[in-house]
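Participant:
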Amino acid sequence: MQRPLRSPYRYIRLSVVPPTLDILYLRKSFQDALSALFGVTSASIYLDILWLADDGSQFVLRVGEQDSPRILAATASMSESPRISLVKQSGFLPALLAQDPTGLSLIFSQLTRNAKGSSCWCRR
1 MQRPLRSPYR YIRLSVVPPT LDILYLRKSF QDALSALFGV TSASIYLDIL
51 WLADDGSQFV LRVGEQDSPR ILAATASMSE SPRISLVKQS GFLPALLAQD
101 PTGLSLIFSQ LTRNAKGSSC WCRR
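Each residue of the sequence shown is one higher than the one before, counting from 1 in the UniProt record's numbering.
As structure tokens, this is what we get:
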């Protein structure tokens, strides 16, 4: 009997122009967009930046399944710099590899090396 793999999270791969390596800047951009669209309460949606490309052009977010529509709406509404756009989303993190098989392998190598409990797998 097959059982679906359910996750309480949604994984979203996004591109950013101009590229940035500042994780706090990306998080603040989402908070500002969420606040403008849905009010101050939604600005506190928990989001994890799991991976940031070495050149700062793409990153992966992990958000709660119920918060995913708001994050996507905030992404679409962002008009100021940085310009963030959706590349791919899935409830299964390895599904994001289909876009660029070499790009996200860093996530999995870091996941296997790090101890559990850490909330961010990106370089600082």
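Every residue, glycine too, gets a C-beta built ideally from N, C-alpha and C.
Just so we're clear, the structure is a prediction, and the values are computed from it rather than from any experiment.
Relative to the alpha-carbon of D32, which residue among V87, P82, P18 and L96 has its alpha-carbon at the smallest distance?
Facilitator: Out of V87, P82, P18 and L96, P82 has the C-alpha closest to the C-alpha of D32.
Participant: In the DSSP output, what is I45 paired with across the bridge?
Facilitator: Looking at the DSSP assignment, I45 forms no beta bridge with any residue, so it has no partner.
Participant: Which residue from E80, A76 and G91 puts its Cα closest to that of Y9?
Facilitator: Minimum Cα distance to Y9 is reached at G91.
Participant: State whether the segment 17-25 contacts the segment 63-74, with contact taken as three or more CB pairs (one from each stretch) at a distance under 8 angstroms.
Facilitator: Touching, no.
Participant: Mind reading off the beta-carbon distance from L86 to L97? Whole number of angstroms is fine, and I expect it under 8 angstroms.
Facilitator: The pair is not a contact, with the Cβ atoms about 16 angstroms apart (cut-off 8 angstroms).
Participant: Starting from L61, trace the beta strand (DSSP E) both ways and give me its first and last residue.
Facilitator: Its beta strand (DSSP E) spans residues Q58 to G64.
Participant: So if DSSP puts A16 in a beta bridge, which residue, or which two residues, is it bridged to?
Facilitator: It is worth fixing the name first, because residue 16 is Val in this sequence and not Ala. According to DSSP, V16 bridges with I84.
Participant: Helix, strand or coil: which one does DSSP assign to L34?
Facilitator: The answer is helix: DSSP assigns L34 an H, G or I state.
Participant: Mapping DSSP to helix, strand and coil, what is S90?
Facilitator: The answer is strand: DSSP assigns S90 an E or B state.
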